[in-house]
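Peer 1: Those protein sequence lines, which keep their order, are chains A and Z.
All residue numbers for the first sequence refer to the working numbering, where the first residue is 2 and numbers rise by one.
All residue numbers for the second sequence refer to the working numbering, where the first residue is 756 and numbers rise by one.
The structure follows.
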Amino acid sequence: GENVEQHPSTLSVQEGDSAVIKCTYSDSASNYFPWYKQELGKGPQLIIDIRSNVGEKKDQRIAVTLNKTAKHFSLHITETQPEDSAVYFCAASKSLGADGLTFGKGTHLIIQP
Amino acid sequence: GAVVSQHPSRVICKSGTSVKIECRSLDFQATTMFWYRQFPKQSLMLMATSNEGSKATYEQGVEKDKFLINHASLTLSTLTVTSAHPEDSSFYICSATTGSYGYTFGSGTRLTVV
């Protein structure tokens, strides 16, 4: 089955700096790659996603890049703010809607004031 | 936007009893619903996939007789943890999808078995 590796497990950055979280996946059939933000005691919230026919997607301060050849995708957050502090998960799916998601282990992002 | 409601948010039950968790898609009809389990400071692990009117498909290692899933309509799926034991204590999260617009997650249920 699919295996998603996520690094780093903890990331501390100064407010205003950029943060980058990286994931790799094992199954070349995976074609949908979402990123979720999870706050303590709550369900995951989608922040951005990308499909395999696109190499990059941006939404204001958040961007995701996908390298299908390397089976690698990354989350980039610019101009970080204290409210960006949370746990972030990457995930992969082979068939959007039909298959469930395989999640990475998560990254605890800490924004230092 | 798509909203998924999950209830209860917290439940404490005695060992040996059963607990039912509801997951509803409020503003869309979900073709498929998923159930995940999350232990403290760990990732989400897919437990099962359910389609309306069909038997759920369970992931390897998940006991289907312990975790009963019913998907009676396009807006409601339930997870019943039967004969719960302390090791079943966890955070259970449902997700729903229309197939085209990604996965929307519920707010989760914290189950504590005492």
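Here a beta-carbon is modelled for each residue, glycine too, at the ideal position from N, C-alpha and C.
Against K106 of chain A, what residues of chain Z qualify as contacts under a CB-to-CB distance less than 9 Å, listed in chain order?
Peer 2: Q797, S798
Peer 1: What's the C-alpha gap between Q784 of chain Z and Q46 of chain A?
Peer 2: 19 Å
Peer 1: Listing by chain order, which chain Z residues have their CB less than 7 Å from the CB of P9 of chain A?
Peer 2: For P9 of chain A, no chain Z residue has a Cβ inside 7 Å of its Cβ, as the nearest lies near 15 Å away.
Peer 1: Give me the Cα-Cα distance between F846 of chain Z and K69 of chain A, rounded to the nearest whole angstrom.
Peer 2: 33 Å
Peer 1: Under 8 Å, Cβ to Cβ, is there at least one residue of chain Z near D50 of chain A?
Peer 2: yes
Peer 1: Would you say L102 of chain A and I22 of chain A are within 8 Å of each other, going by their C-beta atoms?
Peer 2: no
Peer 1: So the candidates are A:A87, A:G44, A:A92; which of them puts its Cα closest to the Cα of I112 of chain A?
Peer 2: The option with the nearest alpha carbon to I112 of chain A is A:A87.
Peer 1: Which residues of the region 27 to 38 of chain A have a Cβ closer than 9 Å to any Cβ of chain Z? Give them in chain order.
Peer 2: If the cut-off is 9 Å between Cβ atoms, the region 27 to 38 of chain A has Y33, P35, Y37 near chain Z.
Peer 1: Do we get a CB-CB distance below 8 Å when we pair I824 of chain Z with the residues of chain A?
Peer 2: no
Peer 1: Would you mind telling me which residues of chain A sit closer than 8 Å to T882 of chain Z, beta carbon to beta carbon, in chain order?
Peer 2: Any answer about residue 882 of chain Z is impossible in this case: the structure gives chain Z only from 756 up to 869.
Peer 1: Assign P35 of chain A to one of three DSSP states: helix, strand, or coil.
Peer 2: strand
Peer 1: Which residues mark the beginning and the end of the beta strand (DSSP E) in which R62 of chain A is found?
Peer 2: Segment: none, R62 of chain A is in no beta strand (DSSP E) and carries neither H nor E.
Peer 1: What does the Cβ neighbour count give for G44 of chain A, buried or exposed, with the cut at 16 atoms within 10 Å?
Peer 2: buried
Peer 1: Between the region 845 to 868 of chain Z and chain A, which residues of the former have CB atoms less than 9 Å from a CB of the latter, in chain order?
Peer 2: Listed by position along the chain: F846, I848, C849, S850, T852, T853, G854, S855, Y856, G857, Y858, T859, F860, G861, S862, G863, R865.
Peer 1: Relative to the C-alpha of N54 of chain A, which residue among A:A30, A:I48, A:Q61, A:G107 is closest?
Peer 2: Ranking the options by Cα distance to N54 of chain A, first place goes to A:A30.
Peer 1: Taking Cβ positions only, does K72 of chain A come closer than 8 Å to chain Z?
Peer 2: no
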